[in-house]
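So the structure is just underneath, and the comments pick up after that.
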């Protein structure tokens, strides 16, 4: 007779399915498919930014709320805002403006949305985003829609040999800000959006500017896509990002990203910032361990009793057949009474042994 294996049990199958489902749920709860999301490790995410911040910076934090600016040390911090999807409230803008004026660096990357300009204006910066697609017919990465900008001046943002490859970006209107990176003289703003040069003016356009605001600085970048995971491999982009982040504590501002953050990532951040929640979860974890330990003991007792009951049923039938053969003159009631007495005595003996 083949012995049964624990792997043959339906419980093993159930446990396996549960583990798989939990793994999928944990993955879904900690990642995002949204473009530009720091929780998206795909080509159109920005998870690599946090990796770079940890490598060349002094640490990083994903800021789900503008209150994170208050906790930062401004003159050693840089905040990244990639194409905000919703407007900042006035109180939030005041918080960010204070961060900049006290020495912080604010990097705003935008192309076609209105909220990047609103934030620049709110913190007191002069630069604005043009909003039309920038193309370069000569100096580009495989397509005019991917212009390669070069260093316009040796600023505190870029190094002398830094390039930046855009991905359907726009120009930055300096309005007095210092131009850090510019396109070649063969670039144009595609006013009618047809992807062709048909009357637009060829000239060099700024794509990155930097300006002083109080004790800090504001950097405007005309393309949030330049920070995508896939774009960091394009000419100059990784060096540009590392230059921005080097030696700084990096705030990844996702407070107005427009998509809800993954539940697990958000929950871990909330717990990390609350001593009370940490203590609560610690106590809950201890209680869960104790409860599981007790439940395991109860389950073991139930399994053991079920096995004993099945064994008793087999023994009862075997004893009944034996008595019928030895005493065919006894009636059924007498046989069952004798068997009940025997089984009761055996149960008492077993209980005594277990004490």
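Numbering (the numbering used here), first residue to last: 6 to 360. Beta carbons are placed, not taken as given, at the ideal position from N, Cα and C, and that holds for glycine.
Roughly how many whole angstroms lie between the Cα atoms of residue i and residue j?
i           : j           : result
residue 55  : residue 209 : 32 angstroms
residue 202 : residue 193 : 8 angstroms
residue 59  : residue 197 : 42 angstroms
residue 132 : residue 52  : 27 angstroms
residue 28  : residue 48  : Residue confidence is low: residue 28 scores 45 on pLDDT, short of 50, so the model does not pin down where it sits. Its coordinate-derived value is still stated next. Rounded to whole angstroms, residue 28 to residue 48 spans 23 angstroms at the Cα level.
residue 36  : residue 46  : Residue confidence for residue 36 is low, a pLDDT of 44 falling below 50, so the modelled location carries little weight; the figure read from the coordinates is stated next. Taking the straight line from one Cα to the other gives about 8 angstroms.
residue 242 : residue 296 : 53 angstroms
residue 145 : residue 291 : 59 angstroms
residue 346 : residue 325 : 13 angstroms
residue 147 : residue 50  : 21 angstroms
residue 62  : residue 93  : 26 angstroms
residue 330 : residue 342 : 17 angstroms
residue 234 : residue 170 : 13 angstroms
residue 116 : residue 142 : 19 angstroms
residue 336 : residue 323 : 17 angstroms
residue 340 : residue 299 : 41 angstroms
residue 118 : residue 172 : 15 angstroms
residue 150 : residue 95  : 35 angstroms
residue 244 : residue 57  : 10 angstroms
residue 110 : residue 134 : 18 angstroms
residue 181 : residue 66  : 32 angstroms
residue 333 : residue 327 : 10 angstroms
residue 259 : residue 112 : 13 angstroms
residue 156 : residue 185 : 6 angstroms
Would you call the CB atoms of residue i and residue j closer than 8 angstroms?
i           : j           : result
residue 232 : residue 246 : yes
residue 183 : residue 215 : yes
residue 104 : residue 74  : yes
residue 83  : residue 250 : yes
residue 121 : residue 102 : no
residue 167 : residue 227 : no
residue 207 : residue 220 : no
residue 229 : residue 114 : yes
residue 223 : residue 177 : no
residue 140 : residue 152 : yes
residue 361 : residue 127 : No statement about residue 361 is possible, as the shown extent of the chain runs from 6 to 360 and does not include it.
residue 240 : residue 211 : no
residue 77  : residue 257 : no
residue 100 : residue 71  : yes
Can you give the beta carbon distance from residue i to residue j, rounded, assuming they're within the 8 angstroms contact cut?
i           : j          : result
residue 124 : residue 79 : 17 angstroms between Cβ atoms; not a contact.
residue 254 : residue 64 : 5 angstroms
Sort out for me which residues DSSP pairs residue i with in a bridge.
i           : result
residue 156 : 186
residue 214 : 184 and 225
residue 44  : Answer is none; residue 44 lacks a bridge partner.
residue 56  : Answer is none; residue 56 lacks a bridge partner.
residue 175 : Residue 175 is not bridged to any residue.
residue 167 : In the DSSP output, where bridge partners are listed per residue, residue 167 has none listed.
residue 254 : 82
residue 65  : 255
residue 194 : 139
residue 208 : 192
Requested in this report: Please specify which runs of the alpha helix (DSSP H), each continuous and at least 4 residues long, are wholly inside the segment 70-153, giving them in chain order.
Outcome: 73-76, 95-106 and 120-128
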